[in-house]
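These notes are about the structure you will find just below.
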Amino acid sequence: MVEHDTTLLHGGLAPQIRSRRDPEQRRGAAVVGVGSNQSGRCGTVPARGAPPDPDPKPGLAARVPLPLGPFQLIRPVGKGGMGVVWLGRHTEQDVPVAVKILKPRPRRSTAVNRKAFLQEVRAVSALDHPGVVWIFDSGVLPAQTARQAAAEGEDLAEGSPYLVMEYASRGTLRQLKRPPVWSELKAILLALLDALAHAHARGVLHRDLKPDNVLIAGHNDLRPGFKLTDFGIAHLLREGSPGEDRPIGTPQYMAPEQIRSETHLYGPHTDLYALGSMVWRVVTGRLPHHGLKGPSLMYAQLTKDPPPLEPLMAVPEGFEDFLRTLLRKAPHERFQRAADAAVALDSLPDPDAPAARALQLLDDEDRPLGPDTTATLKILIGRSPSKRKLDPSIRPPFPDTWRMPDTAPTRPLRLMGAGLGLFGIRPVPFVARDAERDVLWKALSEVHTYRSARVVVVRGGTGVGKSRLVSWVADRAHEVGAAHVLRATFSANAGPAPLRHALIRLLKSMTMSPADAAERFGRLLAGHGPDDGDIIDRFEILLDPERTTLHETRRDAIFRKIIEIVSEDRPVFAVLDDAHWSPDALRLANQLLDGSTRTSARVLLVLTVLEDPGDRSLSRRIQALLSTSNATELRLGVLDPRDHNELARELLGLDQHLADSVADGTGGNPLFAVQLVGDWVARGLLVVGPTGFLLEDPDQALPANLHEVWDERIRQLVRGLDAPSLQMLESAAVLGRDVDVLEWQAACDDPGGVHAAAGMLYFNPRHARLRQRLMDRLLASGLCQETEAGFSFVHAQFRDALQDRSRQAGRYREHTLTIARTLSTQIEGNQARIGRHLYDAGLLREAVAPLLAGADWALRVGGAESSLAMLQLVEHTLQQAALPEVHRHWAGLEVMRARAHRALGQPDEATRAAGVAIKRARSGGWVDLAAEAHSVLGEIALASDAQAQAEARFTTVVRLLEDDRDDASAVVRIRAWHQLWRIARRRGDQQGAQQAASRVREATSATNDPRARATGDVSLAENALAGARLEEARISAERSLAAFRQAGDLPGQARALDVLASVAEAQDHLSDARALLVQCIGCLEALSDPQLLLWRCRLAHVQARLGNFADARATLEPILADGGLDNPLLESTVHVCLAMAAAGLRRWSALGTHLDAAEASFEAIQTPDPAFAAAATLAGELALQHRRPEDTIRAWRLAQRRHQALGQGADAAKLRGRIARLQAPGKRS
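When you line the sequence shown up against the numbering used here, it's residues 49 to 1277, in that order.
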């Protein structure tokens, strides 16, 4: 019996691998492998003999090989920073391998190195490319091997992690025996770019590219060619690797962002910098900054360009520019993808030199190293136009197909009895689904060709491979440079967070100059906080619900705009996984396809949804989405028997008969098959047979369904661990799909919340060790993925199985109560979660208040639709709890409904809900709720220009809250008084306006609520502005703006910026006014404010006053080109501002046309706007300057009537006098 310990990767699960093979069978055994990259069929390859022991030491006797599972260790052949590399061989097939073993270190260093070692295993195992070293197996050294090593004088410690890799007999790129000629150099570069494209597309950044880490496999090796190796400090881009406080890498090859530890700037361009340094050394024999060390080297890497290139061989014109583009200091100035660099390299002409021979590097017998290893990018090579001047903005041509070239090499080999230590880490082989991949590729091609949005809904049952299919095509699009990739996975109650995180990751993947970022994103961010921060930091703050209160429409507008801007560079392939859980995902898809949003985004949205989502509302939304143009449904069923058998065979190299059994027993469901084999691996039930792995017990019954497999996998995860481990695992599942390790720690270590309530963090070291081991096992088994905050469950069914187990054991209620207590110490943003956990625990009455608070939070940050969905749960909870209708919560429910319906633009539903709320609040004596309901009705009346009704409602609000000094009511009270001030001012009631302004001031002074004080300050600023008290207005507006920015309140920011712009304009500081209006418009754009055009008109007026008439026209003309306006106020104001611009440009025909349009819509206006009068007055002034009195009179009459409507009698009289003087015979005004 041979023990195969995989403790490192399976957290202590050590399957026992036994062989059923007779000694006579071993020498003739085949290597289990995979055939063509296209078909993926399994095949066999004859065994190869091991090469001679390299560099044998004279006088030493032959070493006795050390056993290591199915391998033997022959002798050490190299050392690295963390470990030693041994030459080894596969015992049965006699295939040479390299075995990297972690060195024993002090305890703390060992823990750090183990983590880095596991990171390398995970990074390399995710890759399947001829240009990346292949891993056969991984595990930890057993005691027997350590004892025999000690007897041989070798320092190998029991339990040390090891990694078995393919052997490359020709050394590394550093050991080149001669400089390559151009054809060889180009082939080397293309092969390495090909490998990097593959790695980067799968989220793996090498970070330590140098000649020592490029292996050369010779003619007799398994896969001849160049191989990237040593991923020990690889950075996993998709998992949000944490920041580092010091540089990591080899200084001579590190990019500036790596030297500065600016992990947020890492990307493919980081590896491309190292590649440039490495190739510079190969071409010249020296590094770009030869002879420098330490701080001098670091300084040169950060600030100095390399010297002139002095190649040792003939290189084409433009090659030095190519290298310098790779080596530019700013990330945005380098090539952004390996595919981009490959196309640029291919565009270079051949050098003026004799034809070089075919690639024959380093083979002592002058034999070719092997087939072309450009497996990924070959479909791009030869299609790029020749360019002499290279530009990092170069983009590859869009490939016609996702398929690999016909010349792509075969996939790596598997060895008998090897690979169990990698199961769960290595990606599941992809088989079949060619037609489905064609559909997705065609949709992406249409996005690229027609520069528009497309949606594909991939629908299928659980476990059929929806996510795997879409992820595979997205990776392919990334590696050939065809698209940016955005990935978001949704779960129940996740809200907009997955989209927010996905967009931030997408933004981080973009690299651009600060000036370009400011130009492309500045308008979108205008008014959203300080301008001195990093663009990504500002977006993270803006989109973070814990720091801002973005409304659904504002957030959606920002989402759309980000995608639109990013897709200017190359199309966006957006993967929205499990979108049936997310109204946000479906709404985004609808809006991107909706012509009314006028998006220019080049985006393919691919939504995966269940065959039957269960939620009828979401099902209707999916069907509505599919009814739109540019939306396609792709149905995915189970694999057919042949393809499913192929998958079963390729999972691990199963014996054909066992693969048949797996395929038959799992009914074409890939997830079922993968988890079944994973369970066998974890339990050590497999043995080695003549043609692959077999079950030790051939009569072992297959589980009837996937639920039985999940149960067994849970048992294996906690096997050998202390008692609380299962409860901890259940607690993690109850926390949600995404587990924050700090929340998990609090739930496990402080279940009663005693320490948290006292502001203390309690830490149980024993529990911490258990949690770490559980996380290691979950990661190693592929059941979860690491995230910045902790980890996330990969399979919803596995999480469901854990929760079911806790219910059966009677622990579920206690878990939910514990988590509710844990979350209650950090309430902001967690109200809905607390309510749901209390609901699940059966504490219905206690659940209502946090659920209502969660609905309020959702209205502010998640959107009205999310809020209404939660309010349905509130109503259901109230009914189940049998609370009487006079209870406060029933009135609160209807107030929230009224607010949500009003936010959705549904005044009838909002009015109905507010009426019910008032009735219930009156019955229960809840005056604050009645006041809030009246406030909603007042806003509805204002929106319909029913001034008298609005005044009555707001008067009722202030009367009801007259004696209520609670801070919670302060915002409602201040807003009501402010609206009364505006109504009084509009009708010319100066006394009423002064009284309302005074009450705003009193209420603002009396409150301690920051939001209420900011609301009061901006109201006072508007009042001061109306009274021409400019300095008072400026001070109050600036104070409120700072508070609104701190809270992320965009409507408040827009109001404050509007006042400041008006003050600047009144003081003739027109450039300042223009800048402030641009910021204000940025806020209103994010709000999708229907009154946005009025502020555009104000901006056009300021531009005209600055003499920029063409800019003023450009600000407004596109609005009319988009199809006209249906609002009389907006229509008349836009036309009068365009008349103003036409007068400045002396386009008199256009002036007359716009004045006609303004007059035609004037009578329909009930609520006048000051911008109209100002623009009309200026239009008249400009016409008069060019001796066109008739046009002047027409414009001034419009301005006069508007002043009159605004109650500005003095201004109206002044214009009336000027018109009279202009009309008098022989008079000019």
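No residue lacks a Cβ here, since even glycine has one placed at the ideal position from N, Cα and C.
Could you compute how far the alpha carbon of residue i sits from the alpha carbon of residue j?
i     : j     : result
E999  : R1047 : 15 Å
I114  : V725  : Per the sequence presented here, residue 114 reads as Leu, with Ile not at that position. One C-alpha to the other measures close to 30 Å.
H815  : G800  : 16 Å
R608  : Q954  : 23 Å
A1268 : A1258 : 15 Å
D1097 : A1090 : 10 Å
L204  : H692  : 42 Å
Q851  : F538  : 19 Å
L684  : I611  : 28 Å
W758  : D727  : 8 Å
R821  : L777  : 11 Å
H1183 : H1202 : 5 Å
Y1226 : A1187 : Here residue 1226 turns out to be Leu, not Tyr, going by the sequence shown. If you take the alpha carbons of L1226 and A1187, they lie about 10 Å apart.
D448  : L655  : 23 Å
Y314  : W1025 : 52 Å
A1261 : A1152 : 25 Å
W182  : W629  : 38 Å
Cα-Cα, which of the options is closest to residue i?
i     : options                      : result
S1066 : G1040, I1022 and R1034       : The question names Ser, but residue 1066 is Val in the sequence shown. Closest option to V1066, Cα to Cα, is I1022.
S344  : V330, A912, L1226 and P299   : P299
V710  : D142, G701 and A721          : A721
A730  : G737, G768, A1208 and D448   : G768
P813  : L826, A794, G807 and V363    : A794
R481  : P364, T676, P718 and M464    : P718
Q748  : R763, G713 and A781          : G713
A522  : L1009, L534 and G511         : L534
A392  : P399, A378 and T373          : T373
E214  : A197, T277 and W230          : T277
L977  : R945, A994 and A991          : R945
R1264 : Q1256, L1254, W1244 and G219 : W1244
G194  : G117, S309 and A948          : A quick correction: the sequence has Ala, not Gly, at residue 194. Closest by alpha carbon: G117.
G508  : T497, E681 and E527          : E681
R385  : M558, A679 and H1234         : M558
A991  : I670, A164 and T959          : T959
What does residue i pair with, by DSSP beta-bridge criteria?
i    : result
S840 : D786 and Q833
F274 : I264
L682 : V506
Q120 : P115 and R137
R535 : V623
A146 : L135 and M213
F741 : L702 and V736
K127 : V132
Using a Cβ-Cβ cut-off of 7 Å (strictly less than) and excluding sequence neighbours within five positions of residue i, which residues of its own chain qualify?
i     : result
A282  : Q167, E168, A171, V252, L253, H254 and R255
R443  : D388, G529 and R618
A1109 : A1121, L1124, L1125 and C1128
L1279 : No statement about residue 1279 is possible, as the shown extent of the chain runs from 49 to 1277 and does not include it.
V964  : E942
Q845  : T510, L754 and W758
Y301  : L257, K258, A322, S325 and M326
Taking 8 Å as the CB-CB cut-off, is residue i touching chain B?
i     : result
G1130 : Protein chain content of the structure displayed is limited to a single chain, and chain B is not contained in it.
With a CB to CB cut of under 6 Å and the five nearest residues on each side skipped, what residues in its chain are close to residue i?
i    : result
V495 : R502, P619, R650 and L652
E368 : L357
Does any heavy atom of the ligand ATP sit closer than 7 Å to the C-beta of residue i?
i    : result
R847 : Absence of the ligand ATP is noted for the structure shown, with no ligands found whatsoever.
**Q.** Contained beta strand (DSSP E) runs [length at least 3] in the stretch 1092-1154, N- to C-terminal order
**A.** none
Q: Only counting runs of 3 or more residues, tell me where the beta strand (DSSP E) segments fall wholly within the stretch 161-211, in order along the chain.
A: 183-188
Q. Which runs of the alpha helix (DSSP H) fall wholly inside the stretch 936-987 and span at least 4 residues, in chain order?
A. 936-951 and 955-972
Q.
I'd like the ranges of any beta strand (DSSP E) spanning at least 3 consecutive residues and lying wholly in the stretch 651-697.
A. 651-658 and 679-684
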